[in-house]
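Data first, discussion second: the structure below is written as structure tokens.
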Amino acid sequence: MAATFETPVGEIVTADFRTAEVFRNHHIDFCCGGARPLDDACRAAGADTNQVLAELNRVVADPASTVPNFAVWTSNELIDYIVTTHHGYVRRALPTIAAHTEKIARVHGGRHPELADVARLFAAVVEDMTSHMWKEEQILFPFIAALATAAAEERAAPAAPFGSVENPIRMMEMEHETAGGAMARIRELTNGYADPDDGCTTYSITLQELEAFERDLHAHVHLENNVLFPRAIALEGR
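Residue numbering for the sequence shown is 3 to 240, as defined by the working numbering.
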């Protein structure tokens, strides 16, 4: 797609997922803030919109046959991918990262008191994401799948036990904001996940794990907030 100053950043990433790297490099929120026009998002991040637009155009000008086009995936394909790829990664990563953040806080906390906050914030992420993913997998995603099946079979949409699909979606988006905010604060406390001069191997590995977790969270939230959830609302409204 040809992006302009007015194009929502979430739409840009949905059209070509490689553009996410441009937004990450400029600290522009494309997941929870995916509805913001490019110019507004750039100004909020202190980035030059013309420069960002030029970088985006360079990315999309390259052929990308191996890049998934999530916009054309079915709802069930998206759900399966989110659960298998992102929920699977989160479940594997949470215990290890939590143990590591607690360890470096205990060992290095005297010289780096901010690590106590890092461990506390990540412990909250563990609790929130565990509950969050359960609610999606047991309640929201099955209903979205039922909406998609009804639409494919040209049947009326099923009745929502929660009034409208927009209600749980709104809650999930709020929880995305909470998790994203916690990880953004961890990034600030660790100076952008930078290794300190007096760190150890575990310290370095933990920072790499935290950075990878935040990167995955951005991709995870983008697929839900900007692709799956708007589609579910449209399916219900048909």
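For glycine and all other residues, C-beta sits at the position ideal for the given N, C-alpha and C.
Residue of GLU139, GLU226 and ILE30 minimising C-alpha distance to ARG172: Counting from one through the sequence shown, the residue named residue 172 turns up at place 170. Closest option to ARG172, Cα to Cα, is GLU226.
Which residues DSSP lists as bridging PRO39, in chain order: The residue given as residue 39 occupies position 37 in the sequence shown. Beta-bridge pairing links PRO39 to PRO10.
Buried/exposed call for GLU48, threshold 16 Cβ in 10 Å: By 1-based counting over the sequence shown, the position of residue 48 is 46. A small correction: the amino acid at residue 48 is Gly; Glu does not occupy that position in the sequence shown. Exposed is the call here.
Cut-off 7 Å between Cβ atoms - residues of its own chain near TYR91, not counting five sequence neighbours on either side: Here residue 91 refers to the residue found at position 89 of the sequence shown. Only ASP218 meet the Cβ criterion.
Local Cβ density within 10 Å of ASN193, reported as buried at 16 or more and exposed below that: Start at 1 with the first residue of the sequence shown, and residue 193 comes out as number 191. So ASN193 counts as exposed.
Candidates ASP50, ALA161 and VAL15: closest to LEU142 by CA position: For the purposes of this step, residue 142 is taken as the residue at position 140 of the sequence shown. Answer by Cα proximity: ALA161.
Limits of the unbroken alpha helix (DSSP H) element including GLU139: Residue 139 sits at position 137 when you count from the first residue of the sequence shown. That residue, GLU139, is in no alpha helix (DSSP H); it is neither H nor E in DSSP.
For ALA161, the three-state DSSP class (helix, strand or coil): As a working mapping, residue 161 is identified with position 159 in the sequence shown. Reduced to three states, the DSSP call for ALA161 is coil.
Spatial distance of ILE188 from LEU117 (CA atoms): Position 186 of the sequence shown, counted from the first residue, corresponds to residue 188. Position 115 of the sequence shown, counted from the first residue, corresponds to residue 117. Taking the straight line joining both Cα atoms gives about 9 Å.
Separation of THR204 from GLU8, as counted between CA atoms: Residue 8 sits at position 6 when you count from the first residue of the sequence shown. Residue 204 sits at position 202 when you count from the first residue of the sequence shown. Whole-angstrom Cα-Cα distance: 44 Å.
Cβ neighbour criterion (16 or more within 10 Å) applied to GLU190: Taking the sequence shown and counting its residues from 1, the one referred to as residue 190 is at position 188. The residue is exposed, with fewer than 16 neighbouring Cβ atoms inside 10 Å.
Helix, strand or coil at PRO1 according to DSSP, with G and I counted as helix: Any answer about residue 1 is impossible in this case: the structure gives the chain only from 3 up to 240.
Span of the alpha helix (DSSP H), counted from its first residue to its last, around THR192: What you label residue 192 is simply residue 190 of the sequence shown in a count that begins at 1. Where THR192 is concerned, there is no enclosing alpha helix (DSSP H), given that its DSSP letter is neither H nor E.
Candidates VAL120, GLU179 and ALA159: closest to ARG240 by CA position: Translated into the one-based positions of the sequence shown, residue 240 becomes position 238. Of the candidates VAL120, GLU179 and ALA159, the one whose C-alpha sits nearest the C-alpha of ARG240 is ALA159.
CB of ALA43 within 8 Å of CB of ALA221, strictly: For the purposes of this step, residue 43 is taken as the residue at position 41 of the sequence shown. For the purposes of this step, residue 221 is taken as the residue at position 219 of the sequence shown. Not a contact, by the Cβ cut-off of 8 Å.
Same chain, Cβ closer than 8 Å to LEU149, five either side skipped, listed in chain order: For the purposes of this step, residue 149 is taken as residue 147 along the sequence shown, with counting starting at 1. Closer than 8 Å at the Cβ level, and outside the excluded window around LEU149, lie SER77, ALA159, PRO160, VAL167, ALA234, LEU237 and GLU238.
Rounded C-alpha distance that separates MET174 from PHE72: Here the question's residue 174 lines up with position 172 in the sequence shown. Here the question's residue 72 lines up with position 70 in the sequence shown. Distance between the alpha carbons of MET174 and PHE72: 20 Å.
Whole-Å CB distance - VAL127 paired with MET185, under 8 Å assumed: For the purposes of this step, residue 127 is identified with residue 125 of the sequence shown, where counting begins at 1. For the purposes of this step, residue 185 is identified with residue 183 of the sequence shown, where counting begins at 1. So it is a contact: roughly 7 Å between Cβ atoms.
Boundaries (first-last residue) of the alpha helix (DSSP H) holding ASP50: Translated into the one-based positions of the sequence shown, residue 50 becomes position 48. Careful: ASP50 lies outside any alpha helix (DSSP H) and carries neither H nor E.
Euclidean distance between Cα positions of ARG93 and PHE215: Indexing the sequence shown from 1 puts residue 93 at position 91. Indexing the sequence shown from 1 puts residue 215 at position 213. Rounded to the nearest whole angstrom, the C-alpha separation of ARG93 and PHE215 is 11 Å.
Spatial distance of ASN169 from PRO115 (CA atoms): Locating residue 169 in the sequence shown gives position 167, where the first residue counts as 1. Locating residue 115 in the sequence shown gives position 113, where the first residue counts as 1. Straight-line Cα distance between these residues: approximately 40 Å.
Same chain, Cβ closer than 8 Å to ASP50, neighbours up to 5 away in sequence not counted: By one-based count along the sequence shown, residue 50 stands at place 48. In the same chain as ASP50, and ignoring 5 residues on each side of it, the C-beta atoms closer than 8 Å to its own belong to CYS44, in chain order.
Cβ shell of HIS29 (< 6 Å), same chain only, five flanking positions each side left out: The sequence position of residue 29 within the sequence shown is 27, counting from 1. Excluding positions up to five away in sequence, the list reads ALA47.
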